[in-house]
Amino acid sequence: MKATHLVWIRRISQGFFLVLFLFLLIESRLPQDIYLRYSLVFLSEQDLRIGWPVAFFFQLDPLIWLSSLLSGHHLIKGFWWGIALILMTLFLGRVFCGFICPLGTVHHVVSWFRPALKGQRMIEANQKSPSQKVKYFLLSSLLVGALIGLNLTGLIDPISLFFRSLALAVLPGLGVGLKEIFDWMAKTDVRILNQLSYGAEVLVSPVFGYGYQSYQSAWFIGIIFLITILLNRIRPRFWCRVLCPLGALLGIFSRFSILRLEKDLEKCTNCKLCTEGCQGAASPIPGQHWENAECLMCFNCFDFCPEGALSFRFTWHPKLNKKPDMGRRALLTGLLAGISIPLLGRLDGQVHKASEPRLIRPPGSSTEKDFLRLCQRCGLCMKVCPTNVINPTIGEAGMAGFWTPHLIMTQGYCEYTCTLCGSVCPTGAIREISAREKIERPIRIGSVYVDRGRCLPWSGNGPCIVCEELCPTSPKAIYFRKEVVPGADGKGKLVPLPYVDLKRCVGCGICEYKCPVKGRPAIRVISAGESRSLKNQILL
161 MKATHLVWIR RISQGFFLVL FLFLLIESRL PQDIYLRYSL VFLSEQDLRI GWPVAFFFQL
221 DPLIWLSSLL SGHHLIKGFW WGIALILMTL FLGRVFCGFI CPLGTVHHVV SWFRPALKGQ
281 RMIEANQKSP SQKVKYFLLS SLLVGALIGL NLTGLIDPIS LFFRSLALAV LPGLGVGLKE
341 IFDWMAKTDV RILNQLSYGA EVLVSPVFGY GYQSYQSAWF IGIIFLITIL LNRIRPRFWC
401 RVLCPLGALL GIFSRFSILR LEKDLEKCTN CKLCTEGCQG AASPIPGQHW ENAECLMCFN
461 CFDFCPEGAL SFRFTWHPKL NKKPDMGRRA LLTGLLAGIS IPLLGRLDGQ VHKASEPRLI
521 RPPGSSTEKD FLRLCQRCGL CMKVCPTNVI NPTIGEAGMA GFWTPHLIMT QGYCEYTCTL
581 CGSVCPTGAI REISAREKIE RPIRIGSVYV DRGRCLPWSG NGPCIVCEEL CPTSPKAIYF
641 RKEVVPGADG KGKLVPLPYV DLKRCVGCGI CEYKCPVKGR PAIRVISAGE SRSLKNQILL
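Each residue of the sequence shown is one higher than the one before, starting from 161 at the first, in the working numbering.
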């Protein structure tokens, strides 16, 4: 097959999988036919689920299932896709990086579009460098840390990083910007702008959300993503060459690949066009040993060579390809980091003690220790949540739980019958539960208390029944007693005062979210009483 044909096949494949990734990202939301679905749920007692395989790319990622296996001794659902990818790598090398990886495609396009380096500077940048060992340091530290019991893989795994960045930063940012433009158009006196704003919002909202989506630390997530993109101005596909732990894992397996680069030194004129086009700094030029573990299978070297001195062929040879240049120091340092970080992460006591009061995990979550073993911090549960209540932690779960999901009740609430977060979790950190189980068992994520100093009835500032009115449990967890409360004039008045029955409360948080006392609501949810922890119970 000609080099041009291979390059076009690669481009078509990259485009297809990038579009598929973006499609599944958008579809990881509350189904649009929600009213029909809810009617079917009530009629057939079936749970609300997303029809598309939104976790497909996470199941395809062998680093995710390997880290989950090492840390939680648990095989994730659909892990056979990852096994298939490893088998494909054994025969074809790092084709995932060149043909499938959506983040790799973005880096490839950014590196190709108006590159900062050209000619001799690009040739020098595409030479093999010691910095390419960094990804093996990261891989070893992540796997050793997972083996000890702290799974931090999702922080820099390419699929998790890309999904988290788009779902929590890029799409919400674009959505807020577009909605502000539409709001401005709707407020103008120009009739056509008014009509366009309403029509555009109907088209855009299913993609970007119907409200103003926001997530804790989203700005930081967006900055990190932007930096990884801009690094391509320094070196083409900088992330893939230097930082990607999944690329390092696939590079190890690519040693057995039978798809090899054949070099004809006699035909080579030393024009170095192959090196200029190489995306992985894999030393494709004849006269140098091919670094198969660094080759991204982009076929640029094959395509760029004007003399036909390079070609990719299936060659069965008893001698394996050159082993990855991981570096002894990089591996030893990674081993030390993999041991140290999990131990340091436990020093804040969050893992072995009762949860911090505001650390409220999604319904169906494992115990904190097991949760940190399995959670990939991918953001799927946050993206799918219809009320925007699930957010990444910063310090609520300690260092070990950075960017894991928790609920912020001033931003949303846990819908009483919703179980979407557990249905999309790719690793089982949030167990898949049914609405019936959630309600009838019930599954508690916390409990509420009334801040009497801020509560309108208790403080004597006026009657209010919002919390009791919205409480979804049956019978209600919030009830009233009429008592005399002194008013501003010193005279007593009969006011219904809210009380909480902790045996009925599930901690859904709708009372906190809807409380008319803004800023710091007068009724708040804490993690005490959560079903997942025996240590964090309220003895009644």
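Virtual Cβ for every residue (Gly too), placed ideally from N, Cα, C.
Remember, predicted model here, so these are calculated numbers, not experimental data.
For residue i, the three-state DSSP class (helix, strand or coil)
i    : result
F474 : strand
H233 : coil
G652 : strand
Y152 : No answer is possible for residue 152: the residues shown for the chain start at 161 and end at 700.
L421 : strand
S594 : coil
V402 : helix
R641 : strand
F202 : Here F202 scores only 47 on pLDDT, less than 50, and its place in the model is too uncertain to base an answer on.
Y358 : helix
L657 : strand
S365 : helix
P646 : strand
C458 : coil
T435 : helix
P466 : coil
Which listed residue (the options) has its alpha carbon closest to that of residue i
i    : options                : result
T570 : E672, L480, S471, A560 : E672
G539 : F472, R596, D317, F462 : D317
Y659 : K636, D349, D649, V677 : K636
L657 : R274, I224, I210, R614 : R614
M345 : K288, R664, G359       : G359
C675 : L307, E628, C665       : E628
F216 : E575, K339, S320       : S320
C574 : I172, P617, P546, V402 : P546
R601 : A682, S515, C665       : C665
C624 : K432, T577, Q697, A682 : A682
S471 : K483, L419, P646, L456 : L419
G175 : Q697, L263, K162       : L263
L223 : K295, R612, P191       : K295
Outcome for residue i when other beta-carbon atoms lying within 10 angstroms are tallied against a minimum of 16
i    : result
A408 : buried
R506 : buried
G337 : exposed
H165 : exposed
H267 : buried
Q448 : exposed
G701 : The requested residue 701 does not occur in the structure, where the chain is confined to residues 161 to 700.
I554 : exposed
K651 : exposed
F202 : Its pLDDT being 47, under 50, F202 is placed unreliably in this model, and the coordinates cannot settle the point.
Y375 : buried
E436 : buried
N481 : buried
Q280 : exposed
Q536 : buried
N430 : exposed
E556 : buried
G582 : buried
L406 : buried
Segment limits, beta strand (DSSP E) that includes residue i
i    : result
L444 : For the sequence presented, residue 444 should be read as Pro rather than Leu. Element bounds for P444: n/a, residue is neither H nor E.
I683 : 683-686
S301 : Here S301 belongs to no beta strand (DSSP E); instead the alpha helix (DSSP H) covers 294-308.
V608 : 607-610
Beta-bridge partners of residue i, as assigned by DSSP
i    : result
H566 : N551
P290 : Its beta-bridge partners do not exist; DSSP assigns none.
S525 : I590
Where the alpha helix (DSSP H) containing residue i begins and where it ends
i    : result
Y673 : 670-674
V266 : 262-272
C627 : 626-630
T164 : 163-187
I387 : 378-390
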